[in-house]
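Protein chains in written order, with our numbering: chain X, 1 to 324; chain B, 1001 to 1324; chain E, 2001 to 2391; chain V, 3001 to 3391. Here is the structure we will look at.
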Amino acid sequence: MTAITLAKGVTMGLRAAMERDSKVVVMGEDVGKLGGVFRVTDGLQKDFGEDRVIDTPLAESGILGTAVGLAMRGYRPVCEIQFDGFVYPAYDQIVSQVAKMHFRSRGRLPMPIVIRIPFGGGIGAVEHHSESPEAYFAHTAGLKVVACSNPVDSYWMIQQSIESNDPIVFLEPKRRYWEKGDLDVDVAPDPLFSSRLMREGTDATVLAYGPMVKTALEAATAAADEGKSVEVIDLRTLSPLDMAPVHASTRKTGRVVVVHEAPVTLGLGAEIAARITEECFYSLEAPVLRVGGFDTPYPPSRIEEDYLPDLDRVLDAVDRSLAY
Amino acid sequence: MTAITLAKGVTMGLRAAMERDSKVVVMGEDVGKLGGVFRVTDGLQKDFGEDRVIDTPLAESGILGTAVGLAMRGYRPVCEIQFDGFVYPAYDQIVSQVAKMHFRSRGRLPMPIVIRIPFGGGIGAVEHHSESPEAYFAHTAGLKVVACSNPVDSYWMIQQSIESNDPIVFLEPKRRYWEKGDLDVDVAPDPLFSSRLMREGTDATVLAYGPMVKTALEAATAAADEGKSVEVIDLRTLSPLDMAPVHASTRKTGRVVVVHEAPVTLGLGAEIAARITEECFYSLEAPVLRVGGFDTPYPPSRIEEDYLPDLDRVLDAVDRSLAY
Amino acid sequence: MSSAGFGSGLDEVFGPDRGDGPELIQLLTPEGERVEHPEFAFDLGDEAILGFYRDLVMTRRIDTEATALQRQGELGIWASLLGQEAAQIGSGRAMRDQDYAFPTYREHGVAWCRGVDPLHLLGLFRGVDQGGWDPIADKFNLYTIVIGAQTLHATGYAMGLQRDGVIGTGDPDRDSAVIAYFGDGATSQGDVNEAFIWASVFNAPVVFFCQNNQWAISEPIERQTKIPLYQRALGFGFPGLRVDGNDVLAVHAVTQAALQRAREGSGPTFVEAFTYRMGAHTTSDDPTRYRVSGDLEHWKLKDPIERVRAYLSRGGVADDSYFAGVENEADELAARLRKGCLEMPDPSPLDIFGQVYDEITPELEAQRDQFAAYLASFEPADASADEGALR
Amino acid sequence: MSSAGFGSGLDEVFGPDRGDGPELIQLLTPEGERVEHPEFAFDLGDEAILGFYRDLVMTRRIDTEATALQRQGELGIWASLLGQEAAQIGSGRAMRDQDYAFPTYREHGVAWCRGVDPLHLLGLFRGVDQGGWDPIADKFNLYTIVIGAQTLHATGYAMGLQRDGVIGTGDPDRDSAVIAYFGDGATSQGDVNEAFIWASVFNAPVVFFCQNNQWAISEPIERQTKIPLYQRALGFGFPGLRVDGNDVLAVHAVTQAALQRAREGSGPTFVEAFTYRMGAHTTSDDPTRYRVSGDLEHWKLKDPIERVRAYLSRGGVADDSYFAGVENEADELAARLRKGCLEMPDPSPLDIFGQVYDEITPELEAQRDQFAAYLASFEPADASADEGALR
Ligand SMILES: Cc1ncc(C[n+]2csc(CCOP(=O)(O)OP(=O)(O)O)c2C)c(N)n1
Ligand SMILES: Cc1ncc(C[n+]2csc(CCOP(=O)(O)OP(=O)(O)O)c2C)c(N)n1
Ligand SMILES: [Mg+2]
Ligand SMILES: [Mg+2]
């Protein structure tokens, strides 16, 4: 049992995966000596060498495009995108090549590629460093998308993602990189593509993932003080979605609030609301409410706390749901 | 009153816009002598010259990136993306530059850019020529997204889009390019950002846009034979969405089906279902049902008719909705 | 100040370029004469040339038959390689078994050299699948339609070869290289230039084989570059060469040297095969809208097959019976392809759900089952309606 | 076959490159001696050099003050230009009013030359906005953070100049050019190479000004190229030059010539300003993790300001009182910036809704009104809580 940060969890997970399988290679900008701008790959190049921890030229399309070729040759590339806002130059390679290769080849060319993206805001950064692009990938058939929210998950989920033979967009909540948690490597992890009940409740259900899980749990605690019993689920997997626990919770509480940092329009909340309504139509006491970023570009950091969903906006939504 | 095709409508609209404003430039691959692979820019280079109808090098990021610079210099670029599947190399320029420039500069750098994309399937094409990427753009704050479904709209909407000072993704349903309609230039057009009631009905509402509008209308006709009265709305604008007529129709019928070619998960149908449920919770007799492409890459063309929503699948959804 | 201050020799390389400059490497003239080149020599005998002739003829026949099938509505579209046979056979035959090729959508001749059944090519353009061959077994990747994307895949694969230790060992059966095919238009894509950077920086064993057929659909080469394309490589720090793309001997010699250089660990090479797209871009294209027939006449005289036939017959290496034999073989192949194409079964719409992932998702299983139940509720009549769609 | 077959002279350009090769254009040595160059001459007098000195000192002071403000938590981050002052002042002062500059996030010295109030730069890095100056009025675009994207914007803007007929008219107040700034790392991005292609094919009046400061965060130049960067341009058919980026006179002379060439309609030029990033990549970076101090010492001797000061004092062009005067001015500027930064008001969260589009959407109006009502339901206490977030 050791206390580690979420960032450290990814580092340890990467190390374990690289020790287990010599085909695992880490590639990206500044992942070598620097250990990445968030130090997530710290020490890996020293121990595994420049052939397995590759400082690449400064071009994201090149990173993903060469990762495709390495995967065809039997390697398992783990690509680091330095910040969420810099994944777009690689979008064509991700959407038209990585995502479609297995389908195009009818399984002959699997793409065991992990695309690590530190995502979300709240760190006082300049433009392009606080994006939440998950919906762009969850809408793309052929990709799988997961988001970790705590150190234990970051340690296990990165290893499970690397073991998967399908391409996975692995989202790391950068504002939570320094949050601590206790890791017991002897406790077996949940399956990668499963959501998790984090807190039981009876009045309303709050769904969140990545950085918003902590916010949702804080909101639930605050709600308890006001005598409201709020259930919280960490979705963990965004594509595929693990809806069974969500539907069960919905049937119990009848009221659901979905929270994410990404703009509300066509964010994950839209899909989740649509599915819940289809599945649990007669159980819903209120429409599924969505709390997310506004439909604007990410704002200057001095006002990002107004833009980002926080405890109060979650509680506000819970109250609006209860008012139905 | 002249009968024209949808493609011709765009051509005539482009020509009218270029005659009206010398700052309008058309740029893209093969838009010059060839007139584009769909002949939509046919004859424009001959009449407006190579400075205003620009055959560009083969690079989509370059097309959008230089369009940004031209816009900064006061031009109004109309960029043609040859096929939907080839817009992704330009994704970074579209999402991080075109969409954010007005916000970043707080209005000092407007981006009057139109991005024309022939989209959707049904033409028996090879891979990457039948994509429906609209959700990727509708989720992006700073862009506006419209889709025409008939020759009259294609003629007016392209002109209205070029007149807009905001960047607009202009979607052209390629499988409907050769559909004919009567254009009377003396009849004033509807506002660009408005949806339109195409057929009145009382039992259920079908929402569609682009290529699926025709399919929806055919389904409504077939339903009528079976004694079901189906209302059909052409959304026309995907971002912003014009929900007022949709909500009105929902309150009337209580049952809604959304149809598009794009994969269902996180497609436009998700957002529309979520909004309708929030707005018309107590009017809904059934959950909003979605008919779309499956969550797979676009299939080989020999089976695309199975993949694409057709009359039968729309009717099937209407029946399922009525069964609630 | 004088623009000489901007580096010497630029004026020479500027301006329209007819490709017959001194830099063009040629070993067999359009008239079928063998000629010498100071750097490159064709190191195989007439046996090999007889084989090349057969390859060229078979490839062209595949192309003609496919075009005919498309005209008859059996294929959705076809991308003809007419005029580019020598560039593809010469380079394809320069590969060793262990080398790996990354084609565009037009490399039917390379596919032939790799032993890919042409029926698979027809299947792709008919729309029954997206490439039925086994890219790993055939060491021939699936066709890539997004312009330029495959050049990065090729470079990444080459980086894999480096990590596998199959470069520069001196063992001819072990040392491997990659060849990436792309067109003149593709050189404008960011991906292709990024591939040049990766290959140069990592010294990757990859040959960038550009078939400059002078056109990107309707756009002439002037829309993509102001200087001869092979010179692009100099800006990235590796060698660039221009070879007569209609001369199968020169293409073979140059490509073999470039591949060997890669296998030895000396890094990437850019080979510009200077040729011409004799047909339309695809069967959907109409070149009369944008180019003059004069060019065509000029290039007809440089036909890649005629010069080999001229060489073989003049030297008495082959007689009419040989040529007739090849023709027969081509006829038989064409007949087999036509038959196979017409008999090709459509895929089952239910199969696609299982092809998206290595591990299917519960969501996709549900969609498949729902769709299966939905389909079951119809008459088979519906199936034939689908068929209609393609035509 | 000999690898000579792969084009001559490649070996010379290969291999690590210390940048003091013959190709480096220099007019003022690190010791402050004027030297001649066959192609380029500094055509202004000592008055101009006095001005440059002031520019260099003021720019460095802006940088030091900003770094201090960041350390004190007043800025979220800062990208220091320490060591690159000459590259930016020399090129910035070569521009005419009508020329337009496209900067990265580090061009504080160019901003100074364009008359942008440094307070606007602080505002961006403090997070109150994304660039408060007027890019059109100042002919200085907003900072671009996505590496390389601005090079295409610059090229497109240059194509606009061509269409506006303000190229090659011979009127010095009319003929215009564009200058695109980017770093050594940026040269690997597809966008930058596409910009080279566009500029070359359309002969666009743009100068590609690359500050090769040897580092892209932790990655040395060897990760981006195997040959000197200025040679990249040769692969695209336009001139490339390498200038001593720490020599303000040489940078001015070369940039002016390149800009003039563009204005005259002779097309693009690639200028590599060979310099060194003396500080961390940004205030968030820790260079001790990836580079040795030895290099720093080597480059300290080439300081861009010291050599100008040495020249001015040796030649008696300026005395201590002049230098002291500039120092005073710098101190006053620093004080004004500090005061202005601390007093900078935060934006109103409600403003952002109106800034997304020229024509706001009903959806955004609704979101704004709902959010306004929501905010109104709180104590002002909450506002200060938000402030806390940045620190
Ligand atoms: C990224 C992308 N943009 C556009 C297209 C459409 N397209 C298909 S082929 C082609 C021209 C390619 O020219 P070239 O690279 O010279 O190859 P060629 O067809 O001449 O063999 C274009 C523009 C595409 N397939 N991919
Ligand atoms: C597309 C993109 N990828 C990654 C980054 C993160 N990043 C910011 S600066 C930088 C290094 C840039 O190096 P260089 O071009 O040499 O400019 P310098 O910082 O040295 O001035 C990187 C990788 C980015 N801003 N944009
Ligand atoms: Mg071509
Ligand atoms: Mg640098």
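For every residue, glycine included, the Cβ atom is placed at its ideal position computed from N, Cα and C.
Any non-hydrogen atom of ligand 3 within 7 Å of residue i CB
| i | result |
| --- | --- |
| Arg3061(V) | no |
| Asp1055(B) | no |
| Val1310(B) | Note on identity: in this sequence residue 1310(B) is Asp, with Val being the wrong assignment. Because no heavy atom of ligand 3 lies under 7 Å away, the Cβ of Asp1310(B) does not count as near it: no. |
| Gly2083(E) | no |
| Gly2183(E) | yes |
| Ala3195(V) | no |
| Ala2086(E) | no |
Whole-angstrom C-beta distance between residue j and residue i, which should lie under 8 Å
| i | j | result |
| --- | --- | --- |
| Ser321(X) | Ala286(X) | 5 Å |
| Tyr2181(E) | Lys2139(E) | Tyr2181(E) to Lys2139(E), Cβ: 14 Å. No contact. |
| Leu1158(B) | Gly1028(B) | In the sequence on display, residue 1158(B) carries Ile and not Leu. That pair is no contact at about 14 Å. |
| Thr1265(B) | Ala138(X) | 7 Å |
| Leu1006(B) | Pro1189(B) | About 15 Å separates the two Cβ atoms, so there is no contact after all. |
| Leu192(X) | Ser149(X) | Actually they are not in contact, since the Cβ atoms of Leu192(X) and Ser149(X) sit about 14 Å apart, beyond 8 Å. |
Buried or exposed (CB count within 10 angstroms, at least 16 for buried), residue i
| i | result |
| --- | --- |
| His3298(V) | exposed |
| Lys214(X) | buried |
| Asn3328(V) | exposed |
| Trp2215(E) | buried |
| Lys46(X) | exposed |
| Trp1178(B) | exposed |
| Ala17(X) | buried |
| Phe1119(B) | buried |
| Ser3008(V) | The predicted model places Ser3008(V) with a pLDDT of 37, which falls under 50 and marks its position as unreliable, so this point remains unresolved. |
| Val232(X) | buried |
| Ala1141(B) | buried |
| Phe3236(V) | buried |
Residue i: CB within 7 Å of a non-hydrogen atom of ligand 2
| i | result |
| --- | --- |
| Trp3078(V) | no |
Residue i: CB within 7 Å of a non-hydrogen atom of ligand 4
| i | result |
| --- | --- |
| Trp3299(V) | no |
| Ala3180(V) | no |
| Arg3277(V) | yes |
| Asp3295(V) | no |
| Ala3310(V) | no |
Contact test: residue i Cβ vs ligand 1 heavy atom, cutoff 7 Å
| i | result |
| --- | --- |
| Asn2213(E) | yes |
| Gln2070(E) | no |
| Val68(X) | no |
Any chain C beta carbon closer than 8 Å to residue i
| i | result |
| --- | --- |
| Leu308(X) | No chain C appears in this structure, whose protein chains are X, B, E and V. |
Checklist entry - Closer than 8 Å, Cβ to any Cβ of chain V: which residues of the stretch 2222-2233 of chain E, in chain order? => result Correct list: Glu2222, Arg2223, Gln2224, Thr2225, Lys2226, Ile2227, Gln2231, Arg2232, Ala2233.
Next on the checklist: Any C-beta of chain B within less than 8 Å: which residues of the stretch 162-190 of chain X qualify?
Outcome noted: Cβ contacts with chain B come from no residue of the stretch 162-190 of chain X.
Next on the checklist: Taking beta-carbon pairs under 7 Å, can you tell me which members of the stretch 11-30 of chain X lie near chain E?
Outcome noted: Hits within the stretch: zero.
Item to check | contact_flag[the stretch 3079-3099 of chain V, the stretch 3297-3314 of chain V] where n(CB pairs < 8 Å) is 3 or more | outcome: The stretch 3079-3099 of chain V makes contact with the stretch 3297-3314 of chain V; the number of CB pairs closer than 8 Å reaches 3 or more.
Item to check | Cβ contact (3+ pairs, closer than 8 Å) linking the stretch 1045-1063 of chain B and the stretch 99-111 of chain X | outcome: The stretch 1045-1063 of chain B, when compared against the stretch 99-111 of chain X, does not touch it at the 8 Å Cβ threshold.
Item to check | Validate contact between the stretch 287-302 of chain X and the stretch 1019-1038 of chain B using beta carbons, cut 8 Å, 3 pairs | outcome: Pairwise C-beta distances place the stretch 287-302 of chain X out of contact with the stretch 1019-1038 of chain B, as fewer than three of them are shorter than 8 Å.
Next on the checklist: So, does the stretch 2155-2165 of chain E touch the stretch 2188-2203 of chain E, judging by three or more C-beta pairs under 8 Å?
Outcome noted: The stretch 2155-2165 of chain E vs the stretch 2188-2203 of chain E: in contact.
Next on the checklist: Taking beta-carbon pairs under 9 Å, can you tell me which members of the stretch 1038-1052 of chain B lie near chain V?
Outcome noted: Cβ contacts with chain V: Asp1051, Arg1052.
Checklist entry - Just by C-beta distance, which residues in the stretch 126-156 of chain X are closer than 9 Å to chain E? => result If you check each beta-carbon in the stretch 126-156 of chain X against every beta-carbon of chain E, the ones closer than 9 Å belong to Ala141, Gly142, Lys144.
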